[in-house]
Every structure is written in structure tokens, then in C-alpha cells.
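Q: In this note's numbering, the protein residues as written are 415 to 485. Ideal Cβ placement from N, Cα and C applies to all residues, glycine included. As the structure is a computational prediction, the values presented were derived from the model and not from experiment.
#1: Whose C-beta lies closer than 6 Å to the C-beta of residue 466 among residues of the same chain, with five residues either side of it excluded?
#2: DSSP state of residue 421, grouped into three classes?
#3: Helix, strand or coil for residue 466 per DSSP?
#4: Starting from residue 440 and walking both ways along the beta strand (DSSP E), at which residues does that stretch end?
#5: DSSP on residue 474, reduced to helix/strand/coil?
#6: Please report the Cβ distance between residue 441 and residue 455, rounded to the nearest whole angstrom; I am assuming they are in contact, meaning their Cβ atoms lie under 8 Å.
#7: If you measure between the beta carbons of residue 457 and residue 443, is that distance less than 9 Å?
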């Protein structure tokens, strides 16, 4: 998990893969100061994951979805 100075929310951008048509798919990761992370894919603005901490701090993905472009 990454946060900016003072626990400010962060935004990360990564290359995720390439479609069969040759289109580059990017992954965007948004993280807040409390440990919640949302990951989006540029292919249709798909929500890939939503990770949230429980009351003990353990993080879990609470979104249903697929892990890769082939799924």
C-alpha cells in the first residue's frame, strides 16, 4: 500500500496487458489513507478489485471479477 505525504490518497498507473486487437490496457490503482485500494482497468473502466481492511486490519478483495485479460 502506498500513500502520499501525510497519508494523502495516491494514484498509480501501470501497463496491464494487450488485447487481441493490440490495444494497450492500463491498470489504475487508487489508495486512501485508511488502507482501501480500488484497481481499475482502462478496458471499459472495469473494476478489477476493491480491497478493504477489516476491523483487525487484514485486507481482502471484496469485488467479484477476473484476475487477467484472458479470463
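A: Reading from the atomic positions:
#1: The beta carbon of residue 466 is closer than 6 Å to those of 450 and 476 in its chain, skipping five residues each way along the sequence.
#2: Correct three-state label for residue 421: helix.
#3: Here residue 466 carries a strand assignment [DSSP, helix/strand/coil].
#4: Looking at the DSSP string, the run of the beta strand (DSSP E) that includes residue 440 is 438-445.
#5: When DSSP states are grouped into helix, strand and coil, residue 474 belongs to the strand group.
#6: At roughly 6 Å, the Cβ-Cβ gap stays under 8 Å, so residue 441 and residue 455 are in contact.
#7: No, Cβ-Cβ distance for residue 457 and residue 443 is not below 9 Å.
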